[in-house]
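In this text, residue positions in the sequence shown follow numbering that gives the first Met the number 0: the first is 0, and each later residue adds one.
Note that CB positions come from ideal geometry on N, CA and C, so glycine has one too.
Note that this is a predicted model, so its numbers are computed, not measured.
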Amino acid sequence: MNSHRQQGSCSVLIMRHGEAAPGFPDHARPLTPRGEREAETMARWLASRVEQGELTLPMLYASPYVRAQQTAQRISDALGAPLNTLSFITPEDPPSDVSEWLLTHRDDAPIMLVSHMPLVGDLAGLLVEGTPSQGVGFPTAAIAELEADVWAAGCAQLKRFTQPSQLS
């Protein structure tokens with residue numbers, strides 16, 4: 000157990016993918032050059048936190064959409080963490096499904112989800128405020144770090160919110 004985490008408490012990092020190109024079909028939209036830089040900035044920042052012992056290496060999960068996979072691949076490369084795909088974290092999926100998955104997913108390692116608006120904002124809103132309508136606005140490649148003893152509606156605390164513009 001990580002020394003600066005309370006017993007029983009667990010962390011989830013919710014990340015929005017980097018800036019994506021417009022286009023159709025939606026699931027095939029790639030990152031723009033700016034989106035690639037945003038993802039790389041956040042990947043380097045996370046890697047330095049893991050190296051310094053400030054953050055435990057997370058289990059990494061991404062939406063199957065191209066832009067989320069490209070963003071998560073940069074995180075995976077920087078951290079040396081395997082990349083897993085979750086089919087139910089696409090833009091329009093219900094945050095309650097993700098919350099239920101978190102409840103059944105027992106692991107000491109933090110969980111990192113790379114997904115899309117509106118899901119990332121709705122999920123953060125559901126876990127922290129208890130309702131997805133209170134969703135958090137996520138700039139591209141922003142990461143919300145939540146901590147909770149149980150991943151039920153309204154039971155998490157927002158510990159940190161970081162976006163690429165704060166790091167460059």
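- Message: Tell me which residue opens and which closes the alpha helix (DSSP H) that S75 is part of.
- Response: Taking the sequence shown and counting its residues from 1, one reaches residue 75 at position 76. Residues 65-78.
- Item | Three-state secondary structure assigned by DSSP to Q162 | For the purposes of this step, residue 162 is identified with residue 163 of the sequence shown, where counting begins at 1. Reduced to three states, the DSSP call for Q162 is coil.
- Can you check whether the CB of A61 is closer than 8 Å to the CB of A77? Along the sequence shown, read from residue 1 onward, the residue named residue 77 stands at position 78. Along the sequence shown, read from residue 1 onward, the residue named residue 61 stands at position 62. No.
- Query: Mind checking whether R15 and M111 have CB atoms under 8 Å apart?
  - Reply: Sequence index remark: in the sequence shown, residue 15 carries index 16 (1-based). Sequence index remark: in the sequence shown, residue 111 carries index 112 (1-based). Their beta carbons are not under 8 Å apart, which means R15 does not touch M111 by this criterion.
- Cβ shell of G22 (< 6 Å), same chain only, five flanking positions each side left out: In the sequence shown, residue 22 corresponds to position 23, counting from 1. R28, listed in sequence order.
- Task: Note down the Cα distance separating L157 from V65, rounded to an integer number of angstroms.
- Result: Position 158 of the sequence shown, counted from the first residue, corresponds to residue 157. Position 66 of the sequence shown, counted from the first residue, corresponds to residue 65. Straight-line Cα distance between these residues: approximately 28 Å.
- Please confirm whether A152 and S98 have their CB atoms less than 8 Å apart. Your numbering for residue 152 matches position 153 in the sequence shown. Your numbering for residue 98 matches position 99 in the sequence shown. Contact flag set, yes.
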